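Residue numbers (the working numbering): 2 to 407. Idealized CB from N, CA, C, for every residue including glycine. Just so we're clear, the structure is a prediction, and the values are computed from it rather than from any experiment. Structure first, then comments.
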Amino acid sequence: MEKDLALKIFEGFSIQRWNDLVRPFDLVEMDKAGEKMVLAYIIGKYEEHNGHKIDWYWMIYASLFDLLRKIALCDIKAPVQQMLKKQFPDEFMRLNEWVLNQYKAIMKDEKLFADFTIYVGQKSGSFAIPERLKQTIRVYEAAHKFSTIRELNMLAVVNEKERLSNIQTELEAEIQPYLDLEGLQKLMTHQKAFNFILKIEQLRFQTRWNQTPRVPATSVLGHCFYVAIMTLLLGRESNFQMCRQRVINNFFTALFHDLPESVTRDIISPVKQATDDLPNIVKKIEDEIVNRELVPLMEDFFVDELIYYTSDEFSNRIIDIDGNTKVVTWEELNEKYNSEEFQPVDGKLVRICDHFSALMEADISIKHGITSSHLTTGRDGTLNHYKEDEIISGINVNQFYKKIIL
2 MEKDLALKIF EGFSIQRWND LVRPFDLVEM DKAGEKMVLA YIIGKYEEHN GHKIDWYWMI
62 YASLFDLLRK IALCDIKAPV QQMLKKQFPD EFMRLNEWVL NQYKAIMKDE KLFADFTIYV
122 GQKSGSFAIP ERLKQTIRVY EAAHKFSTIR ELNMLAVVNE KERLSNIQTE LEAEIQPYLD
182 LEGLQKLMTH QKAFNFILKI EQLRFQTRWN QTPRVPATSV LGHCFYVAIM TLLLGRESNF
242 QMCRQRVINN FFTALFHDLP ESVTRDIISP VKQATDDLPN IVKKIEDEIV NRELVPLMED
302 FFVDELIYYT SDEFSNRIID IDGNTKVVTW EELNEKYNSE EFQPVDGKLV RICDHFSALM
362 EADISIKHGI TSSHLTTGRD GTLNHYKEDE IISGINVNQF YKKIIL
């Protein structure tokens, strides 16, 4: 993982959305990206249930590439970009080339950069989109449109109707072509899926490190998406031969790893570790509350998968031939279980990236001059959590952390 790329992606926490309107809370790009992927998961699961093939592998990389593109173009509003694409296609193509050039020097993974180039080309209309991806893209775009509508709904309570009427009309028109998607129908008509997303949106309102000021402040949902992206990228370095399902499982395990906090709130690490037994007790209580308040909001055709992602989320695990979850070593993941049938998950890799996100959150605030004993203790504690030469999931974690922040 290159330091400049990790820092660049972290800028997603600083990009403010809707900053020409009255906002009841900070709306930032990283949070939007996280909610969009949760919505894409829900809508996509309905489509799979209805017999359609969804390419989750493509979708998770699309979420990364869209964030990178947004970070580069944060000063150009989406309607302006759409007008550029329609009215000035040559200039729009040059703009996309400029975006790619912003990352060429800091994205050392040549295959990743090549995929990024193809994605940007497809998005701009320069490259054809394969037929097999079209339903996946519709799901992804529907999630994007609906996540924007959700933001507008939240803004509506503090803005005069006149400020929002044109935007509302445009968004309603833009989402019309996707209303055949069952998952979107459920969300638009406020059925069970909508109640589920309402719970998950609470992660967007919960601020991490809530006992101390930080710059930028980060929400639990934004943190989860950053962890998912870091898991994706770091996994490429630690084991580039991961099967596609393992990559997908790792991403969604990271994205949903703090799902219980939507009903329990964020319990900070020092409190969780106040006694030796408290971490296990907190986990047990979280599982009980999730089963009572969240599971009834999940559909039968994805509830088992979500529970698999969120239970024992930081353990390397598989589903064995008898359908039981089994904790395994990293070596076993690579040598025996690196195939779709075992649904492998690198939970320890997710944990490394979870700690890395916390480290970045503390260190960047400190470097901005907004610091406290909580932040310095948290940063130093995370650095010291891993021994100098300790290798986990093929990564020298201590060395990796120090390379990024020092």
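Check: Does DSSP put residue 404 in a helix, in a strand, or in coil?
Finding: helix
Cβ separation of residue 40 and residue 157, assumed to be a contact under 8 Å, to the nearest whole Å: Contact flag wrong, Cβ pair sits at about 19 Å.
**Study point:** For residue 186, the nearest candidate out of 47, 316, 165 (CA to CA)
**Key:** 47
key: Beta-carbon separation (whole angstroms), residue 349 vs residue 317, contact threshold 8 Å   = 5 Å
* Asked: In whole angstroms, what separates the C-alpha of residue 392 from that of residue 398?
  -> 7 Å
- prompt: Short check: CB of residue 36 to CB of residue 220, under 8 Å?
  reply: Cβ atoms of residue 36 and residue 220: not closer than 8 Å.
Closest Cα partner of residue 326 within the set 314, 26, 102 = 314
Query - Integer-rounded CB distance, given that residue 233 should sit under 8 Å from residue 65 - result: The pair is a contact, with the Cβ atoms about 7 Å apart (cut-off 8 Å).
Exercise. Write down every uninterrupted run of the alpha helix (DSSP H) in the region 162-213 whose length is 4 residues or greater and which is fully enclosed by it, in chain order.
Key: Complete alpha helix (DSSP H) runs here, min 4: 162-176, 183-189, 193-206.
Return the residue from the list 44, 215, 96 that minimises the CA-CA distance to residue 192. 44
| said: Less than 8 Å between C-beta atoms, sequence neighbours within five positions excluded: which residues of the same chain meet that for residue 330? | reply: 317
**Message:** Looking at residue 172: is its Cβ nearer than 8 Å to the Cβ of residue 153?
**Reply:** Yes, Cβ-Cβ distance for residue 172 and residue 153 is below 8 Å.
How about residue 139: is its C-beta nearer than 8 Å to some C-beta of chain C? Of the protein chains in this structure there is only one, and it is not chain C.
Count Cβ pairs between the region 222-242 and the region 27-36 that sit closer than 8 Å; are there 3 or more?
yes
Among 216, 303, 298, whose alpha-carbon lies nearest the alpha-carbon of residue 373? 216
| Taking contact to mean at least 3 C-beta pairs separated by less than 8 Å, is the region 380-390 in contact with the region 345-364? | yes
Using only CA atoms, which one of 358, 190, 371, 118 lies nearest to residue 103? 118
Query - CB-CB length for residue 409 against residue 160, believed under 8 Å - result: Residue 409 lies beyond the range of the chain shown here (2 to 407); nothing can be said about it.
*Using DSSP bridges, identify the partner residues of residue 393.*
Beta-bridge partners assigned by DSSP to residue 393: 396.
Discussion item. Considering only heavy atoms of the ligand ATP, does any lie closer than 7 Å to the CB of residue 87?
Written reply: What this structure holds is no ligand at all, so the ligand ATP is not there to describe.
Subject >> Own chain residues within Cβ distance below 7 Å of residue 93, not counting five before or after >> reply: 85, 86, 125
- In angstroms, rounded to a whole number, what distance separates the CA positions of residue 176 and residue 146? Roughly 6 Å between the two C-alpha positions.
Taking DSSP's pairing of strands, which residues face residue 377 in a bridge?
Answer is none; residue 377 lacks a bridge partner.
Distance, residue 288 Cα to residue 356 Cα: 22 Å
Quick one: residues in its chain with C-beta nearer than 6 Å to the C-beta of residue 254, no 5 flanking neighbours on either side, listed in chain order?
-> Cβ within range, chain order: 310, 314, 346, 351.
Alpha carbon of residue 208 to alpha carbon of residue 61, nearest angstrom = Distance between the alpha carbons of residue 208 and residue 61: 25 Å.
Note to self: Assuming contact is defined by CB atoms lying nearer than 8 Å, are residue 292 and residue 183 in contact in what I supplied?
What the structure shows: With respect to the 8 Å criterion, residue 292 and residue 183 are not classified as neighbours on the basis of their beta carbons.
task: Run the CB neighbour count on residue 1, radius 10 Å, all protein chains shown included, and call it buried at 16 or more, exposed below.
output: In the structure as shown, the chain starts at 2 and stops at 407, and residue 1 therefore has no counterpart that could be examined.
* If you run the structure through DSSP and keep just helix, strand and coil, what is residue 24? -> coil
CB contact flag (residue 249, residue 57, <8 Å):
yes
- The alpha helix (DSSP H) enclosing residue 251, as first and last residue numbers: Per DSSP, residue 251 belongs to the alpha helix (DSSP H) from 245-256.
- Task: In angstroms with no decimal places, state the Cα-to-Cα distance between residue 228 and residue 7.
- Result: 11 Å
Under 8 Å Cβ to Cβ from residue 438, same chain only, skipping five residues before and after it: list those, please. As shown, the chain starts at 2 and ends at 407. That puts residue 438 outside it, with no answer to give.
Next item on the list: Could you tell me which residues DSSP puts in a beta bridge with residue 317?
Entry: In the DSSP output, where bridge partners are listed per residue, residue 317 has 347.
Check your understanding: Which word fits residue 340, buried or exposed, when buried means at least 16 other C-beta atoms lie within 10 angstroms of its C-beta?
Key -> exposed
Identified DSSP bridge partners for residue 263
Beta-bridge pairing links residue 263 to no other residue.
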